[in-house]
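Report on one structure; see the data block that follows.
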Amino acid sequence: MGKLKKTVVWVIAAALLGGLVYGVTWAGDAPVSAEISTEAKGRFVGLTDGNKQIKVSYDGTEKTYPLTADVWVYRNLQKAAITDLKPGDSLEIILNSKNQAAYIKAAAPEQAAAPQSPAPPATAPNAAAAQGSGASPGPATPTPSGSTPAAPPAGPAHTPSASSDRQATAEPAKPAANGSWPWERLSLELKSRELALKVKQEQTDKGDEADVYIQTKDRAVVHLKGAQAEQLLLLLMQGLPSEKDAWEKALKQRLAAQFKLKDDSPDWKIDVKWKDDAQVVRTPPVQPGKPEPNGHGADKEHGKGKNKEKEKEKAKNRDKHDDENDD
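So that you can map any letter, position 101 of the sequence shown is 101 in the numbering used here, and since no number is skipped, the others follow by simple counting.
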């Protein structure tokens with residue numbers, strides 16, 4: 001009887017321990033937040049606190065957001081540094097789960113007045129800089145003035161490094177003529193000590209669907225779906241080589257450089273179901289976003305708060321009306 005009791009106790013203890021280990025493992029792999037990231041729009045006012053915060057005007061007021069250490073900035077559809085932003089630039093800001101500005105898409109006033117296609121990306125070798133060096137330029141040379149290309153800026157933007165395996169003969173892919181992706185489905189996962197990245201893009205009966213999930217080492221999350229995810233993918237992939245094998249290699253190198261990965265051997269999983277007629281990689285052209293009018297920016301997070309208050313007020317009125325009917 002005593003042996004049986006001990007056996008039962010050990011079985012229960014083993015089950016509890018196994019469940020605890022499984023739970024810890026699952027929690028470590030599970031997304032911190034599945035919520036879609038908040039977007040804020042407005043006009044650029046300036047940087048504060050030693051370029052650690054960005055001040056934006058909307059609805060005649062100003063609001064300040066903290067910046068992530070490696071904030072992504074695209075100005076006039078070109079990779080740029082946070083210091084390249086100019087007062088009056090129209091901004092689309094994606095906030096991470098810690099309410100920090102993680103991704104900024106900016107357009108100069110003159111760009112907004114006369115939208116145009118992005119300037120041709122820099123040479124293909126820029127896109128294929130060595131991953132081992134941990135440095136590579138963005139999708140194209142930044143244009144701080146909004147018109148003519150300039151030297152790579154200081155700060156988050158990266159400069160090319162020497163590499164013996166640069167693809168000097170590879171040419172950047174031209175935009176797809178029909179404006180569609182060259183694949184039926186793209187699935188990409190990157191896992192390292194510093195980053196977890198999941199990308200899905202596919203064509204469905206309802207049209208193109210995209211999902212981008214980014215979790216950094218500080219557990220901050222950026223989660224984009226739909227048009228926002230598509231726009232980020234387009235910016236990341238512009239200027240990559242058109243040959244499929246070279247495209248995949250250059251994409252890995254670019255992402256490693258964009259996220260400043262120090263891990264020399266991140267875990268990559270890329271699955272692409274190419275269209276039957278996709279002989280080369282041609283992505284859709286990047287379209288400039290519609291800017292916000294001066295003094296009339298929109299903060300969707302702010303808007304959400306207003307909507308919640310309105311819903312609460314409506315609920316109170318409904319309850320009051322129901323009570324009166326009961327009387």
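We treat Cβ as the ideally placed atom computed from N, Cα and C, and that holds for glycine.
Q) What's the call for E230, buried or exposed, on a 16-neighbour Cβ count within 10 Å? A) On the sequence shown, residue 230 is found 230 positions in, with the first residue counted as 1. The residue is buried, with at least 16 neighbouring Cβ atoms inside 10 Å.
Q) Do the CB positions of L91 and G42 come within less than 7 Å of each other? A) Within the sequence shown, the letter at position 91 stands for residue 91. Within the sequence shown, the letter at position 42 stands for residue 42. Cβ distance < 7 Å, so L91 and G42 count as in contact.
(Q) Quick check on DSSP: helix, strand or coil for G226? (A) Counted from its first residue, the sequence shown places residue 226 at position 226. In this structure, DSSP gives G226 a helical state, which the three-state scheme calls helix.
Q. Which one of I214, W183 and W72 has the shortest CA to CA distance from V272?
A. Locating residue 272 in the sequence shown gives position 272, counting from the first residue. For V272, the nearest C-alpha among the options comes from W183.
Q.
Given the structure, does P87 come close to the ligand COA, in the sense that its CB is under 6 Å from one of the ligand's heavy atoms?
A. In the structure on display, the ligand COA does not appear, and there are no ligands present to speak of.
Q) Mind checking E110: buried by the 16 CB within 10 Å criterion, or exposed? A) Within the sequence shown, the letter at position 110 stands for residue 110. With fewer than 16 other Cβ atoms inside 10 Å of its own Cβ, E110 counts as exposed.
Q) Which residues does DSSP pair with L47 in a beta bridge? A) Within the sequence shown, residue 47 is the residue found at index 47, counting from 1. Per DSSP, the beta bridge partners of L47 are I54.
Q: Quick one: give me the first and last residue of the beta strand (DSSP E) that D70 is part of.
A: Residue 70 sits at position 70 when you count from the first residue of the sequence shown. Following the DSSP letters along the chain, one finds D70 inside the beta strand (DSSP E) bounded by residues T61 to R75.
Q.
Within the continuous beta strand (DSSP E) that includes Q279, where are the two ends?
A. Taking the first residue of the sequence shown as 1, we reach residue 279 at position 279. In the DSSP annotation of this structure, Q279 is not part of any beta strand (DSSP E), being labelled neither H nor E.
Q) If you follow the beta strand (DSSP E) that K86 is part of, which residue opens it and which one closes it? A) Residue 86 sits at position 86 when you count from the first residue of the sequence shown. Counting along the chain, K86 falls outside any beta strand (DSSP E), and DSSP gives it neither H nor E.
Q) The beta strand (DSSP E) spanning Q238 covers which residue range? A) Taking the sequence shown and counting its residues from 1, one reaches residue 238 at position 238. Looking at the DSSP string, Q238 is not in any beta strand (DSSP E), and its letter there is neither H nor E.
Q | From V222, W274 and G239, residue whose alpha carbon lies closest to that of I341 | A | Not covered by the structure: residue 341. The range shown for the chain is 1 to 327.
Q. Under three-state DSSP, which class holds R219?
A. Against the sequence shown, residue 219 aligns to sequence position 219. For R219, the secondary structure class from DSSP, reduced to helix, strand or coil, is coil.
Q.
Taking its Cβ as the centre, do 16 or more other Cβ atoms sit within 10 Å of E267, making it buried, or is it exposed?
A. As a first step, residue 267 must be located in the sequence shown, where it is residue number 267. According to the sequence displayed, residue 267 carries Asp and not Glu. Under this definition D267 is an exposed residue.
Q.
Tell me which residue opens and which closes the alpha helix (DSSP H) that Q253 is part of.
A. Start at 1 with the first residue of the sequence shown, and residue 253 comes out as number 253. Here the alpha helix (DSSP H) through Q253 covers K244 to Q258.
Q: Quick one: grab the DSSP three-state call for I36.
A: Working through the sequence shown from its first residue, we reach residue 36 at position 36. Three-state result, I36: coil.
Q: Can you tell me which of the three DSSP states Q111 falls into?
A: Counted from its first residue, the sequence shown places residue 111 at position 111. The DSSP-derived three-state label of Q111 is helix.
Q | Coil, strand or helix - L232 by DSSP | A | One-based indexing of the sequence shown puts residue 232 at position 232. Residue state, collapsed to three classes: helix.
Q) Would you report the Cα separation of K52 and I12, rounded to the nearest angstrom? A) Numbered from 1 along the sequence shown, position 52 holds the residue referred to as residue 52. Numbered from 1 along the sequence shown, position 12 holds the residue referred to as residue 12. Taking the straight line from one Cα to the other gives about 52 Å.
(Q) Using C-beta distances below 8 Å, list every residue in its chain close to T68, excluding the 5 sequence neighbours before and after it, in chain order. (A) Numbered from 1 along the sequence shown, position 68 holds the residue referred to as residue 68. Closer than 8 Å at Cβ, skipping near neighbours: N96, Q100, A101, A102, T216 and A220.
Q: Just the C-alpha distance for V73 and A257, rounded to the nearest angstrom, thanks.
A: Within the sequence shown, residue 73 is the residue found at index 73, counting from 1. Within the sequence shown, residue 257 is the residue found at index 257, counting from 1. Our two residues, V73 and A257, have alpha carbons roughly 14 Å apart in a direct line.
Q.
Using CA atoms only, rank isn't needed, just tell me which of R193, K191, L195 and L224 is closest to A201.
A. In the sequence shown, residue 201 corresponds to position 201, counting from 1. For the sequence presented, residue 201 should be read as Gln rather than Ala. Ranked by Cα distance from Q201, the first of R193, K191, L195 and L224 is L224.
Q) Identify the residues that DSSP records as bridge partners of V199: which are they? A) As a first step, residue 199 is located in the sequence shown; it is residue number 199 there, counting from the start. Per DSSP, L188 and V212.
Q) Looking only at DSSP bridge pairs, what is L261 linked to? A) Walking along the sequence shown from the start, residue 261 turns up at place 261. Bridge partners of L261: none, in fact.
(Q) Taking the beta carbon of T143 as the centre, do at least 16 other beta carbons fall within 10 Å, making it buried, or is it exposed? (A) Residue mapping note: residue 143 aligns to position 143 of the sequence shown, counting from 1. Confidence in T143 is poor, its pLDDT being 40 and thus under 50, which makes the residue's placement too unreliable to answer from.
Q. Can you name the residues that DSSP bridges to L267?
A. Here residue 267 corresponds to residue number 267 of the sequence shown, with the count starting at 1. The question names Leu, but residue 267 is Asp in the sequence shown. Beta-bridge partners assigned by DSSP to D267: K191.
Q. Does DSSP classify W181 as helix, strand or coil?
A. As a first step, residue 181 must be located in the sequence shown, where it is residue number 181. It is coil, neither helix nor strand.
Q | Contact check, K269 vs E189, beta carbons under 7 Å | A | Here residue 269 corresponds to residue number 269 of the sequence shown, with the count starting at 1. Here residue 189 corresponds to residue number 189 of the sequence shown, with the count starting at 1. It is a contact, given that the beta carbons lie within the stated cut-off.
Q | Beta-carbon proximity of L186 to V212, cut-off 7 Å | A | Position 186 of the sequence shown, counted from the start, is the residue given in the question as residue 186. Position 212 of the sequence shown, counted from the start, is the residue given in the question as residue 212. No, Cβ-Cβ distance for L186 and V212 is not below 7 Å.
Q.
Below 8 Å on the Cβ atoms is my contact criterion, and I expect V286 with L234 to pass it. Report the Cβ-Cβ distance as a whole number of Å.
A. Taking the sequence shown and counting its residues from 1, the one referred to as residue 286 is at position 286. Taking the sequence shown and counting its residues from 1, the one referred to as residue 234 is at position 234. With 8 Å as the limit, V286 and L234 qualify as a contact, their Cβ atoms being about 5 Å apart.
Q. Roughly how many whole angstroms lie between the Cα atoms of S180 and D205?
A. Within the sequence shown, the letter at position 180 stands for residue 180. Within the sequence shown, the letter at position 205 stands for residue 205. Looking at the two C-alpha atoms, the distance is approximately 14 Å.
Q.
Measuring straight from C-alpha to C-alpha, what distance separates A278 and S57?
A. The residue you call residue 278 lines up with position 278 of the sequence shown. The residue you call residue 57 lines up with position 57 of the sequence shown. Distance between the alpha carbons of A278 and S57 is about 44 Å.
**Q.** Span separating the alpha-carbon of W10 from that of I214
**A.** Looking up residue 10 in the sequence shown gives position 10. Looking up residue 214 in the sequence shown gives position 214. One C-alpha to the other measures close to 41 Å.
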